[in-house]
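2 protein chains.
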Amino acid sequence: MTLSEENYLKAIYHLSRDAQDEVSTNAIAEAMETKASSVTDMIKKLSEKKLVKYKRYQGAKLTEEGRLYAVNVIRKHRLWEVFLVEKLNFSWDEVHEVAEQLEHIKSDKLIEELDVFLDNPSVDPHGDPIPDRHGNIQPSSKVLLATLRAGEQGVCVGVRNSSREFLQYLDKLGISLGDELKVLSREPFDNSMLIGTGDRKLSVSSLTANNLYVKKI
Amino acid sequence: MTLSEENYLKAIYHLSRDAQDEVSTNAIAEAMETKASSVTDMIKKLSEKKLVKYKRYQGAKLTEEGRLYAVNVIRKHRLWEVFLVEKLNFSWDEVHEVAEQLEHIKSDKLIEELDVFLDNPSVDPHGDPIPDRHGNIQPSSKVLLATLRAGEQGVCVGVRNSSREFLQYLDKLGISLGDELKVLSREPFDNSMLIGTGDRKLSVSSLTANNLYVKKI
DNA sequence: GCAATAATTTAGTTTAGGCTAAAAATATAT
DNA sequence: ATATATTTTTAGCCTAAACTAAATTATTGC
Ligand SMILES: [Mn+2]
Ligand SMILES: [Mn+2]
Ligand SMILES: [Mn+2]
Ligand SMILES: [Mn+2]
Chain H
1 MTLSEENYLK AIYHLSRDAQ DEVSTNAIAE AMETKASSVT DMIKKLSEKK LVKYKRYQGA
61 KLTEEGRLYA VNVIRKHRLW EVFLVEKLNF SWDEVHEVAE QLEHIKSDKL IEELDVFLDN
121 PSVDPHGDPI PDRHGNIQPS SKVLLATLRA GEQGVCVGVR NSSREFLQYL DKLGISLGDE
181 LKVLSREPFD NSMLIGTGDR KLSVSSLTAN NLYVKKI
Chain U
218 MTLSEENYLK AIYHLSRDAQ DEVSTNAIAE AMETKASSVT DMIKKLSEKK LVKYKRYQGA
278 KLTEEGRLYA VNVIRKHRLW EVFLVEKLNF SWDEVHEVAE QLEHIKSDKL IEELDVFLDN
338 PSVDPHGDPI PDRHGNIQPS SKVLLATLRA GEQGVCVGVR NSSREFLQYL DKLGISLGDE
398 LKVLSREPFD NSMLIGTGDR KLSVSSLTAN NLYVKKI
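Chains as they are written, first to last, in my numbering: chain H, 1 to 217; chain U, 218 to 434.
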């Protein structure tokens, strides 16, 4: 499997929240920053290899084999992100680009030993779950901060958007995974919230609250 | 720079012990397990990029820029080998294949932090020197075991041949880097030697003695 | 139900990095 | 010194993965 094929599988996986539904050619093209015609060529190839189910004009859907392959690439991506943060002093907004390269390294022993070396982490630096060696993903009960009512509390456990801009903004706000947040009030005017964390109070915009996952406590 | 270009630079570097001499097209082809015609195409391309000096029918020679690039790839290769052995329980005969992939990952921060994480190692698991970030390589005074006379002693510091077969054979003999060896006698008949290490005595063939580096003590 | 629009595929190119076969240059051996 | 052998280059193809432009199919609005 080539680097490009692996990236397509990953993109299709991420685009189909339910393993059932077909992903459109255009959606894949946008995610991969490429053209629809290139996508058609590639999904035909992946279809030959039985990694994708494809009928002309009907989009693509991963086969079970394709899903397992995609999940394994994601496992590698996330383990490498943990490694970079925990061992090499990378910050959470610096890891993605390098992990995009490292996820394509081929060696079963490498990834199993890395997993052991990192003490079998269950989530990556952005709070995303790390699939196990068999492709199983731990279900989690996280909800968006935006869904909490005034008075409710939660622990910050992940981000929905992991762009550098958002991650660096959270750093600036002083919000990290593991922090306990309490919703002090919600502002109907612009859907922002006033939250308390530690001894600080801060106002977070609707957009921010819709990109931060918490686990209720 | 593509993976293939990097591999050509590395091959040319390894083939030219003295940075002066030209490396022949055929020699590169053999080292890269490719055809001479492909090599011609590539050295033309590297020549355009000023990484290689090339005149038709006269072989290739790295420019200073090309040498620095090659040495940096080798630095990455060897640091990753140290990582695999020291942190991930790889044995010295398993690391090369994976390091061949890892050496192409592009991130300056990654390699500098890896260097720090590993405590700035000076040699890789095969005793080969790790260039520093500026491309300088520590000169070393190692000699082949085969050059020692009866009665002389040395510490095992490296291998000339790092094929899996040879490394596994050394494991079977119980010889590791760091071991002290004493030449008890040399056998004129087949150039083998009788050596003592710890409380053991063993006979090593001429071929083995010509592929093991020691530092005299 | 049909025309307009949007999505998708096809056809034809491009570039990187291979290959083979043939031509050209260099090296070697009488 | 020249014929032969070896090395290297050139010419022409191939495949993977992109692209553009044109053709085709699906969807939507009336
Ligand atoms: Mn990532
Ligand atoms: Mn992540
Ligand atoms: Mn190696
Ligand atoms: Mn090595």
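Heads up, the beta-carbon is just placed ideally off N, CA and C, and yes, glycines get one too.
Legend entry - Neighbour flag for residue 105/H against chain U, beta carbons, 7 Å: Interface with chain U (7 Å Cβ-Cβ cutoff): residue 105/H is included.
Inset, instruction - To the nearest angstrom, report how far apart residue 45/H and residue 23/H are at their CA atoms. - result: Going by the C-alpha atoms only, they are around 16 Å apart.
Inset, instruction - Return the bridge partner residues of residue 412/U from the DSSP annotation. - result: Under the DSSP definition of a beta bridge, residue 412/U partners with 400/U, 419/U.
Inset, instruction - Check the DSSP bridge columns for residue 154/H and list the partner residues they point to. - result: Residue 154/H is bridged to 181/H, 216/H.
Legend entry - Given residue 341/U as reference, the closest of 324/U, 377/U, 416/U, 226/U once Cα atoms are compared: Cα-wise, what sits closest to residue 341/U is 377/U.
Legend entry - residue 299/U classed as buried or exposed, judged by whether at least 16 other C-beta atoms fall within 10 angstroms: Taking every protein chain shown into account, the CB of residue 299/U has 16 or more other CB atoms within 10 angstroms, so this residue is buried.
Legend entry - residue 248/U CB to nearest heavy atom of ligand 3 below 6 Å: Checking the Cβ of residue 248/U against ligand 3 gives no.
Inset, instruction - For the alpha helix (DSSP H) containing residue 54/H, list its first residue and its last residue. - result: Annotation for residue 54/H: no alpha helix (DSSP H) segment contains it, though the beta strand (DSSP E) segment containing it runs 52-54.
Inset, instruction - Mind listing, in chain order, the continuous alpha helix (DSSP H) runs of no fewer than 4 residues lying wholly within the segment 60-98 of chain H? - result: Runs of the alpha helix (DSSP H) inside the segment 60-98 of chain H: 64-88.
Inset, instruction - Could you tell me the boundaries of the alpha helix (DSSP H) in which residue 44/H lies? - result: Segment 36-48, the alpha helix (DSSP H) holding residue 44/H.
Legend entry - Simplified DSSP assignment, three categories, for residue 118/H: Three-state result, residue 118/H: coil.
Inset, instruction - Return the CA-CA distance between residue 130/H and residue 110/H, expressed in angstroms with no decimal places. - result: For residue 130/H and residue 110/H, the distance between alpha carbons rounds to 16 Å.
Inset, instruction - Tell me where the alpha helix (DSSP H) around residue 230/U begins and ends. - result: Note, residue 230/U: alpha helix (DSSP H), 220-232.
Legend entry - Segment limits, alpha helix (DSSP H) that includes residue 244/U: Run containing residue 244/U: 242-249, per the alpha helix (DSSP H) assignment.
Legend entry - Beta-carbon spacing of residue 410/U, residue 417/U below 7 Å: Taking the C-beta atoms as reference points, residue 417/U is found no nearer than 7 Å to residue 410/U.
Inset, instruction - For the segment 100-115 of chain H and the segment 138-146 of chain H, state whether three or more C-beta atom pairs, one from each stretch, are separated by less than 8 Å. - result: Touching, no, given that fewer than three Cβ pairs across the two stretches are closer than 8 Å.
Legend entry - heavy atom of ligand 2 below 6 Å from residue 126/H C-beta: Answer for residue 126/H: yes, Cβ within range of ligand 2.
Inset, instruction - Kindly indicate if chain U contains any beta-carbon less than 7 Å away from that of residue 85/H. - result: Not closer than 7 Å to any Cβ of chain U, the Cβ of residue 85/H fails to qualify, so no.
Inset, instruction - List the residues of chain U whose Cβ lies closer than 7 Å to the Cβ of residue 101/H, in chain order. - result: Result: 322, 323.
Inset, instruction - Have a look at 424/U, 399/U, 414/U, 369/U and flag the residue whose alpha-carbon is nearest the alpha-carbon of residue 382/U. - result: Minimum Cα distance to residue 382/U is reached at 424/U.
Inset, instruction - Give every residue of the same chain whose Cβ lies closer than 6 Å to the Cβ of residue 367/U, excluding the five residues on either side of it in the sequence, and list them in chain order. - result: Correct list, in chain order: 400, 402, 403.
Legend entry - Neighbourhood of ligand 1 [Cβ distance below 6 Å to any heavy atom], ordered by chain position: This criterion selects 77/H, 81/H, 96/H, 99/H.
Legend entry - the segment 246-253 of chain U in contact with the segment 222-234 of chain U per 3-pair CB rule at 8 Å: At 8 Å Cβ cutoff, the stretches touch.
Inset, instruction - Go ahead and label residue 162/H buried or exposed: buried means 16 or more other beta carbons lie within 10 angstroms of its beta carbon, across all protein chains shown. - result: Buried, because 16 or more other Cβ atoms sit within 10 Å of the Cβ of residue 162/H.
Inset, instruction - Assign residue 387/U to one of three DSSP states: helix, strand, or coil. - result: Secondary structure of residue 387/U (DSSP, three-state): helix.
Inset, instruction - Out of 202/H, 148/H, 87/H, state which residue places its alpha-carbon closest to the alpha-carbon of residue 173/H. - result: Relative to residue 173/H, the option among 202/H, 148/H, 87/H whose CA is nearest is 202/H.
Inset, instruction - Taking residue 86/H as the reference, give the member of 119/H, 178/H, 65/H, 1/H with the closest Cα. - result: Here the closest residue by C-alpha is 119/H.
Inset, instruction - Please report how far the alpha carbon of residue 274/U lies from the alpha carbon of residue 265/U, in whole angstroms. - result: It is roughly 17 Å from the alpha-carbon of residue 274/U to the alpha-carbon of residue 265/U.
Inset, instruction - May I ask you to report which of helix, strand or coil DSSP gives residue 362/U? - result: Note: residue 362/U maps to helix in three-state DSSP.
Inset, instruction - Mark residue 220/U as exposed unless 16 or more other C-beta atoms lie within 10 angstroms of its C-beta, in which case mark it buried. - result: It counts as exposed.
Inset, instruction - Anything in chain H within Cβ reach of residue 330/U, meaning under 9 Å, just list it in chain order. - result: Per Cβ cutoff of 9 Å: 84, 87, 88, 89, 90.
Legend entry - Chain-order list of residues whose beta-carbon lies under 7 Å from that of residue 65/H (same chain, five-residue window excluded): Excluding sequence neighbours, residue 65/H sits near 50, 51.
Inset, instruction - Measure the CB-CB distance between residue 374/U and residue 430/U and report whether it falls below 7 Å. - result: Contact flag set, yes.
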